[in-house]
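If you read the protein sequences in the order shown, they are chains A and B.
Each residue of the first sequence is one higher than the last, beginning at 1 in this note's numbering.
Each residue of the second sequence is one higher than the last, beginning at 1001 in this note's numbering.
Glycine included, each C-beta is placed from N, C-alpha and C at the ideal position.
All of these numbers come straight from a predicted model, not from anything done at the bench.
Report on one structure; see the data block that follows.
Number of protein chains: 2
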Amino acid sequence: MSITNPPTRPSGLDALFAPRSVAVIGASASPEKPSHMPLRNLLRNGFAGEVFPVNPSAESVLGVPAYASITDVPAPVDLAYIVIPAEFVLDELERCAAAGIPCAVVAVSGFAETDSADGRSRQQRIAEIAASSGMRILGPNTNGLYSTPASMSLGYNSAHERTFTRGRLAIISHSGALFSAVAGQLEQREVGLDTFVSVGNEADVTMLDLVEYCVHQGESSVIAMIMESVRDGHRLRGLADDARARGKTLVALKLGRSVAGARATVAHSSRLAGSSAAYEAWLEDAGVPLLDSLESIAGLASIAEHSPAAVRRGGLGVVTYSGGGSALVVDRASELSLPVAELGAETLAALAARLTRPAPLMNPLDMGAGIPLAESYEALSAVANDPGVGAMVVFLHGMQTPAVNLMIARAIAKSQRDTGVLHVVIAPGGVSCEEHDILSDAGIEVFTNTALCLSSLKPLVQVATYEVTTERAVQAETETLPEGVLDERRSLELLARWGIPAVVPRLVRSAIDAHAVADAMGYPVVMKGLVDGVAHKAEAGLVRLGLESPSDVVTNFTSLEAVIAQLSPSGGDIIIERQATGEFEAFVGSSRQPGIGHVLVAGLGGVYTEAIAQVVLWSVPVARDRIRHKLLDSPLGRMLGRLESENPGVTEQFIDVVDRVQDMLLAHRDSVDAIDLNPILITTEGPIAVDALLVASRPGGTPP
Amino acid sequence: MSITNPPTRPSGLDALFAPRSVAVIGASASPEKPSHMPLRNLLRNGFAGEVFPVNPSAESVLGVPAYASITDVPAPVDLAYIVIPAEFVLDELERCAAAGIPCAVVAVSGFAETDSADGRSRQQRIAEIAASSGMRILGPNTNGLYSTPASMSLGYNSAHERTFTRGRLAIISHSGALFSAVAGQLEQREVGLDTFVSVGNEADVTMLDLVEYCVHQGESSVIAMIMESVRDGHRLRGLADDARARGKTLVALKLGRSVAGARATVAHSSRLAGSSAAYEAWLEDAGVPLLDSLESIAGLASIAEHSPAAVRRGGLGVVTYSGGGSALVVDRASELSLPVAELGAETLAALAARLTRPAPLMNPLDMGAGIPLAESYEALSAVANDPGVGAMVVFLHGMQTPAVNLMIARAIAKSQRDTGVLHVVIAPGGVSCEEHDILSDAGIEVFTNTALCLSSLKPLVQVATYEVTTERAVQAETETLPEGVLDERRSLELLARWGIPAVVPRLVRSAIDAHAVADAMGYPVVMKGLVDGVAHKAEAGLVRLGLESPSDVVTNFTSLEAVIAQLSPSGGDIIIERQATGEFEAFVGSSRQPGIGHVLVAGLGGVYTEAIAQVVLWSVPVARDRIRHKLLDSPLGRMLGRLESENPGVTEQFIDVVDRVQDMLLAHRDSVDAIDLNPILITTEGPIAVDALLVASRPGGTPP
């Protein structure tokens, strides 16, 4: 069958995910060659469209007529899959583009990942061909893709040889090699696949292009990114919103979370992994839950695929049949920051009325070994119906007789059916076939590993409780910032305009001027020298603290002039500030992270910053509630909390500072690279910034 | 067969672990009753000794002749297993003791765990019967035990119905209910069992009695405690040393690690879980590795049982076939604080010589997908032979063809055989049967879960790298401390005798005296009022800082006298100290934790203590190297490190303080309950304690 005059030719990524015809350029007839595998896998998995091997030295490959060149193929080709040596790829892509093929996959290595000039320039050309022709190109350095809706396996990972059940899980991965590993996990959990795409080097089609397709068009309900880094945080954040709006769960497994892991990732690819803490904070704020393991992808997908019940907004309800199980579940939930619900008064009353034995009525609810059977259902459904419970975790020891175990399984199934709240089961010792059937018929997932169960469940809880930050209306600033590093005086002046409390520096021109200014200000004062290009003033001898008298001021003015003269032939400025004294020091700052954009950061200041190494990070924009929530849970938040009794409102005042820095970032979006308010003294009158540094870039110079 | 005139009757725990005859008191003839199960399980599992059901209303149970009373049994009974209602247990125990039975198990509930006066008093009587008769009693509230060497299953958990392969894993558990859960895990990992004992309420036989038996006499090689709390830290520490000396691995799974988890544990039993951080620090110092999950018990046991290779002192060597796998392994290892080895120059040279492809030569070593096959063995064995590598982790994607996967499996097996270094495999997607056979024949364990693999392996790495702290010779102090809370002056004086740098308080009797003392000392000075029973002086208005002049001193002396008079009719003392100024504040202290004994603790002082909530804990005795090691890895250690450039040696000076507090604790072992040196100012002259509190108890009053 040859397709002629197709009604509409698919364009762009439609041609990638659902092509009606595929050409495999470089398809080898020798079974032992890797380039033989993609065509074999394509044929084996029942692809319904037209298939065209392109191979100048074979009449046919695997029984399919072959063509000497892509230009010889007598029918429209939607997707060209290219497996020829890297040095021939560019010419072939030109031919494909000329033939009007909407999409190509470059499934060989030898490009930017080799870190060679040749490789980088070849990859650059791929991007140019895509841009000029409009043909979308996946790769290079991808091992292909797999789509069950299209019955299309196109690649040479051993997983491409398998036939997957159609499921609702899409995986978009920076590591194509992990496909087999995930595939085995899916098989073990009896869960299907929608799509797996190995992203490769992203010369043209990026991870987010593929995610966007899956969010907007595909039929998947769980979209998992296995990623090294993000290229466009703003876009990912929008996709996360879209996914939630469509009832889809978008999650990320970040490769290279530790310093050592990041090193392993760097060695693997040409991308930098970025700061792991910044990524995690950013993804969490953006509403993209992080998975902690490869295994939890299949765990999450199995819950999502099999369960008819939903996770509501709320914490975990935990029911077990021994205190040992309660502790195991709750300990791990705590490590994962998964909240365990507090039961409401109505639930406690219901439990007290329904349960005959004197179990401590709390969550986790330990039913004990000797519970009358009818009470299992009563207890489970009462906990599941608690308005603070979003999902149920039942820990089965399997210590009872088979008959009792069966009745417990039935109670769990009935509780999920009646309450509509998702139930999952942890049974480290496994369950009998009969129990498994009852639970599996009800769509209840059974895990033998407590940690895996909870980390698989966590994204669903996070999505259910995520609150969208509506971007506030901050008028874009029309004034252009001077480019480069702004000194303390100019930074503080600018910040003061945004309502950020700061000392007011006074520029002084002479010792007499300084004397007069200090007298008017009141002692003690601080005097600082500002020299272009000197960011660390204290180390350069440019900061004089605790000047108590006019003579101190005059002497130090003179000696500062001398230091400035030594540091810079063009001189500098001298400023005087009232010396503030605080209970302790904090800092607030922002930095632009590659790929993800602006990140706000706050923490304890001065010498404690590095020693304690526990800062709070937020992505921009972030809601005030979330600023508060994360701040309160940090050392800085606890320090502020300790001051509240003598200084009521100091925490909210500090949140103001963070929020106003955010306002400023949003207004100057493209032109601020970094802000440092360090230190901010926490005084009895509230926080006050006593030094600042603002780094501005050309507007539009660095994309956010 | 009846046993008469046994050559020697087993005593104590021999009779529990290897009885030659067992009486089941309360064995029911009705199959549906729980009290039917122990006898059935005992018979079913092929116990070779004599079995005597005791049941006044049956002629026989399960075909075995029954006796109306234990006194009617015509042969010596080694072990009496009692399953009758709690209110009849005491009489029965008396009868057993009178009959000279060496060991009994009370396998019913209704004792201290009910938190009732009746229950507690019954349990107390059990302890008294054991003490007075010499009969050892396991329980009450235990569900029994299982011993494969004795072919003895004695209990009513459903796991007691199973027949286990004989293995080398002993589990001593505070939660009997977890037996089935563990049993399922063992089955899944095809690993055998030596012994499982449910400890119950420990009226007589304690968890450590059972651990001691397993360490000294049993044939197990892995001894896992599933525990809520320890009762005797000193003894456990000795058992950990004994276990290491015998090549056994003693590990602990602590139930109730989180606050919420501890609450779940408290509800379960009459024991308190104690501070989780103190426990973890203590166990680590004591050489008892902590497991993070139930599943890792079976994981650890499977490695220990199956592998002929050993873990050496060193970090992990990691070899993978894709960068994605490297990152997954290293990220998790980092979370678990499992070191990844740095390869030595010789190894790097060997790799460079043997590998043909330009892989980055580092650990983790990413071999890539296209590696020539012969090189797998070369790479694996080179990394395994690195002197810094203690164990090998190989991550398999399974993305290659079956033939290639088989050759990799053979290379792994050969590398373990040739190097003698333990290899484990992580294959999230599973391995083929052929690969499994090759690896399993070589005793190489395959995990599908990365986290589980690493947490199972971790105890072996920890034991291999553990350094014993030899208890130093500190002469026991002959002087007896005054009982109760010592005030600042007396505490500081005592501490100064142990070489701990501290301010020297001078007692002053009058304003004139104060004036003279302050003049001699030099200003500024601090004046404090000491009143018996007032521990928090500042809050009580008893601390006057920054007194700059004689008149300050006189005025404050008078007002302090007034405050003291108000606080206490019997008056108090007034002291003067030179006011020290420091860069920052720290604290060192000790406390006696229930069950585990003295714990040393240090951290940032003042307001930062609670806000940062990152203190360092050490158990006593601890080697100076370990004090240093843990201190350096803490916020306080980093703060001290920042001062080193201007104040060289300040870190070692601080370690001195901790070490001298330890000396003092060791000398006064039984009579110090708590020490608080808070704050310790870190000054340019080194650390100096400016306040102290010592709480002494009657010698021998509270066991350590």
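Test item: CB-CB of residue i and residue j under 9 Å
| i | j | result |
| --- | --- | --- |
| B:Ala1333 | A:Glu228 | no |
| A:Arg166 | B:Glu1610 | no |
| A:Val588 | A:Val658 | yes |
| B:Ile1444 | B:His1306 | yes |
| B:Leu1138 | B:Cys1103 | yes |
| A:Val215 | A:Arg246 | yes |
| B:Trp1618 | B:Leu1640 | no |
| B:Ala1278 | B:Ala1203 | no |
| B:Ser1456 | B:Ser1302 | yes |
| A:Gly398 | B:Ser1158 | yes |
| A:Leu694 | A:Leu494 | yes |
| B:Leu1253 | B:Ile1226 | yes |
Contact set between residue i and chain A, taken where Cβ atoms lie within less than 7 Å
| i | result |
| --- | --- |
| B:Ser1180 | His397, Gly398, Met399, Gly429 |
| B:Asn1157 | Met399 |
For residue i, the three-state DSSP class (helix, strand or coil)
| i | result |
| --- | --- |
| A:Leu547 | strand |
| B:Arg1626 | helix |
| A:Tyr608 | helix |
| B:Met1399 | coil |
| A:His423 | strand |
| A:Val77 | coil |
| A:Thr450 | helix |
| B:Ile1003 | With a pLDDT of only 45 at B:Ile1003, under 50, the local geometry of the prediction cannot be trusted, and no value is derived from it. |
| B:Ala1286 | coil |
| B:Ser1269 | With a pLDDT of only 32 at B:Ser1269, under the threshold of 50, the placement of this residue in the model should not be trusted, and no figure is reported. |
| B:Val1318 | strand |
| A:Tyr466 | coil |
| B:Arg1020 | coil |
| B:Leu1677 | strand |
| A:Ala333 | helix |
| A:Ser302 | helix |
| A:Leu93 | helix |
| A:Thr727 | The question about residue 727 of chain A has no answer, for chain A in this structure spans 1 to 704. |
Within chain A, partners of residue i - CB distance below 9 Å
| i | result |
| --- | --- |
| B:Glu1548 | Neighbours of B:Glu1548 on chain A: none; closest Cβ ~15 Å, over 9 Å. |
| B:Ile1226 | Gly324 |
| B:Gly1184 | Gly398, Ala427, Pro428, Gly429, Gly430, Val431, Thr448 |
Under 7 Å from the C-beta of residue i: neighbouring residues of chain B
| i | result |
| --- | --- |
| A:Met639 | Val1607, Ala1611 |
Interface residues of chain B facing residue i [CB-CB closer than 9 Å]
| i | result |
| --- | --- |
| A:Arg642 | Val1607, Glu1610, Ala1611 |
Chain-ordered neighbours of residue i on chain B, where CB pairs are closer than 8 Å
| i | result |
| --- | --- |
| A:Gln462 | None at all; the shortest Cβ gap to chain B is about 19 Å. |
Check: residue i C-beta below 8 Å from any heavy atom of the ligand PLP
| i | result |
| --- | --- |
| A:Gly499 | Inclusion of the ligand PLP in the displayed structure is not the case, the ligand content being empty and no account of it being possible. |
Counting Cβ pairs closer than 8 Å, one from the region 1318-1327 of chain B and one from the region 1292-1306 of chain B, do we hit at least three? When C-beta atoms of the region 1318-1327 of chain B are compared with those of the region 1292-1306 of chain B, fewer than three pairs fall below 8 Å, so the two segments do not count as touching.
Enumerated in chain order, which unbroken segments of the alpha helix (DSSP H) with a length of 4 residues or greater are wholly contained in the region 1176-1257 of chain B? 1179-1188, 1207-1216, 1233-1245
Quick check on the DSSP output: what are the complete alpha helix (DSSP H) runs of length 4 or more inside the region 1504-1553 of chain B, in order along the chain? 1511-1521
Contact between the region 600-608 of chain A and the region 237-253 of chain A: three or more CB pairs below 8 Å? no
Can you list the beta strand (DSSP E) stretches of 3 or more residues lying completely in the region 1099-1179 of chain B, in chain order? 1103-1106, 1136-1138, 1144-1147, 1152-1155, 1166-1173
Contact between the region 1413-1431 of chain B and the region 1379-1394 of chain B (3+ Cβ pairs under 8 Å): Yes: the two stretches touch, three or more of their Cβ pairs being nearer than 8 Å.
Cβ contact check for the region 523-531 of chain A and the region 566-576 of chain A: 3 or more pairs under 8 Å: yes
Quick check on the DSSP output: what are the complete alpha helix (DSSP H) runs of length 4 or more inside the region 335-368 of chain A, in order along the chain? Segments of the alpha helix (DSSP H) lying fully in the region 335-368 of chain A: 345-354.
Tell me whether the region 1534-1552 of chain B and the region 1451-1465 of chain B touch, counting them as touching only if at least three CB pairs, one residue from each stretch, are closer than 8 Å. Judged by pairs of C-beta atoms under 8 Å, the region 1534-1552 of chain B does not touch the region 1451-1465 of chain B, as fewer than three such pairs exist.
Taking 8 Å as the cut-off, does the region 1186-1201 of chain B touch the region 1139-1148 of chain B (at least 3 CB pairs, one atom from each stretch)? By the Cβ test, the region 1139-1148 of chain B is in contact with the region 1186-1201 of chain B, since at least three Cβ pairs between them sit closer than 8 Å.
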